[in-house]
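Heads up: the structure comes next, in structure tokens.
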Amino acid sequence: MTAAFTFPGQGSQAVGMGKALAEAFPAARAVFAEVDDALGQKLSALMFEGPEADLTLTANAQPALMAVSLAVVRVLEAEAGLDLARDARFVAGHSLGEYSALAAAGTFSIADTARLLRIRGNAMQAAVPPGQGAMAALLGLDFDAAAAAAAEAAQGEVCQAANDNGGGQVVVSGSKAAVERACEIAKGKGARRAVLLPVSAPFHCALMQPAADAMAEALGKVAIHAPKVPVVANVHAAPLTDPAAIRQSLVAQVTGTVRWRECVAYMAGQGVTTFYELGSGKVLTGLVRRIAEGAEGVAVGTPDDVAAFKSRNA
């Protein structure tokens, strides 16, 4: 098995996502109905029709992105004979995408995953008052230099490397003033650009501790099964299969760094040559090429993508 299946994180949402899948495939409609029922909300209508401002809200975007990813999984199972246990060497997801990966691998039910992500989204949004936190992308610095810029900028406040996305793209997160200082320090260290991101909260930093506490409580109340495929965890950049370790890593992930560059490099080092990105958008597919030389990234999120997947795996 030389394929891994990856699942996108926040920022990949877009109005209309999943709509063509729902129109074409009963398996996709079933997933969207299951998520709607679990949340007591017509989230699918928000995904298909907007408004964009409501879809972008963290508490909606997180379960919505998972729903599209799991719809793609179920469609590939029904239409292309996908069997993750047979066809995937690993699964992995970026931030909330790790929950999608775990649901695809059978660790959580789709309904439990939707409810967990609703709790996670609300808790992350509530952890820091609006306007007090920020995130910024530092472009053109390696991880160590970006982390050093964040540490130098902290000055008693919170500022840390939140996402190591690869290809010289590191996102820092923390108190607004500290993140703004990190941008200037990064430019002094040779960053090509330092861009404040349009996010509603400073994810993956110590300011998220209240959300980590909320997730510890929520994860303690759901059934967690061993995944049928090893899940390469964001905070470890290594595969996990033990339910207790998975619970612990998901709590740590709320305040910890998403080590995506290392996750992809690990999978490539284990012989993975094709990375299928299941769900909305193509962000992870673009990153694969920058991280793992010679590896192929393939996005699967539309009926046409499903047909292409079938033909290449016939």
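In the numbering used here, the protein residues as written are 25 to 338. Ideal placement from N, C-alpha and C gives every residue a C-beta, glycine not left out.
Give a yes or no on whether the C-beta atoms belonging to glutamine 193 and leucine 221 are separated by under 7 Å. Pairing glutamine 193 with leucine 221 gives a Cβ-Cβ distance that is not under 7 Å.
Which residue from Gly35, Ala158 and Ala292 puts its Cα closest to that of valine 256? Nearest in C-alpha terms to valine 256, of all of Gly35, Ala158 and Ala292, is Ala292.
Quick one: give me the first and last residue of the alpha helix (DSSP H) that glutamate 204 is part of. Glutamate 204 -> alpha helix (DSSP H) spans 200-212.
Kindly indicate which three-state DSSP category methionine 159 falls into: helix, strand or coil? If DSSP states are grouped into helix, strand and coil, methionine 159 belongs with the strands.
Between Gly305, Met41 and Ala102, which lies nearest to leucine 67 when the distance is taken from Cα to Cα? Closest option to leucine 67, Cα to Cα, is Met41.
By the DSSP assignment, the beta strand (DSSP E) with cysteine 183 in it spans what residues? Here the beta strand (DSSP E) through cysteine 183 covers 183-190.
Bridge partner(s) assigned by DSSP for threonine 26: According to DSSP, threonine 26 bridges with nothing at all.
Element boundaries [alpha helix (DSSP H), containing arginine 217]: Element bounds for arginine 217: not the alpha helix (DSSP H) but the beta strand (DSSP E), 217-220.
Rounded to whole angstroms, what's the CA-CA distance from valine 97 to phenylalanine 49? Just pull it up for me. The straight-line gap from Cα to Cα measures roughly 12 Å.
Beta strand (DSSP E) segment containing glutamate 320, residue limits: From DSSP, the beta strand (DSSP E) with glutamate 320 extends over 320-324.
Determine the burial state of glycine 212: buried for a count of at least 16 other Cβ atoms within 10 Å of its Cβ, exposed for fewer. Glycine 212 is exposed by the Cβ-count criterion.
Does the distance from the CB of glycine 18 to the CB of phenylalanine 31 come in under 7 Å? Because the chain in this structure spans residues 25 to 338, residue 18 falls outside the shown range and cannot be described.
Buried versus exposed call for alanine 316 [16 or more other C-beta atoms within 10 Å across all chains shown]: Per the 10 Å Cβ criterion, buried.
Contact between the region 179-195 and the region 223-237 (3+ Cβ pairs under 8 Å): Short answer: they touch.
Closest by C-alpha distance to arginine 139, when choosing among Asp111, Met90 and Lys200: Closest option to arginine 139, Cα to Cα, is Met90.
Which of helix, strand or coil does DSSP assign to alanine 116? In this structure, alanine 116 counts as strand in the three-state DSSP scheme.
Spatial distance of alanine 206 from glycine 35 (CA atoms): Cα atoms of alanine 206 and glycine 35: separation of roughly 22 Å, rounded to the nearest angstrom.
Might you give, ordered along the chain, the residues of its own chain that have their beta carbon closer than 7 Å to the beta carbon of valine 246, omitting 5 neighbours on each side? So the list reads Phe132, Asp136 and Leu140, once near-sequence residues are dropped.
Please report how far the alpha carbon of aspartate 107 lies from the alpha carbon of lysine 200, in whole angstroms. Their backbone Cα atoms lie some 45 Å apart in a straight line.
With distances taken from CA atoms, which of Glu320, Ala289, Ala57 and Asp266 is nearest glutamate 301? When each option's Cα is compared against that of glutamate 301, the closest is Glu320.
Name, in chain order, the residues that DSSP records as bridge partners for proline 263. DSSP output for proline 263 lists Val256 as bridge partner(s).
So the beta strand (DSSP E) leucine 302 belongs to, where does it begin and stop? Segment 298-302, the beta strand (DSSP E) holding leucine 302.
So the alpha helix (DSSP H) proline 50 belongs to, where does it begin and stop? That run of the alpha helix (DSSP H) goes 50-63.
State whether the region 264-271 contacts the region 235-254, with contact taken as three or more CB pairs (one from each stretch) at a distance under 8 Å. They touch, by the three-pair rule.
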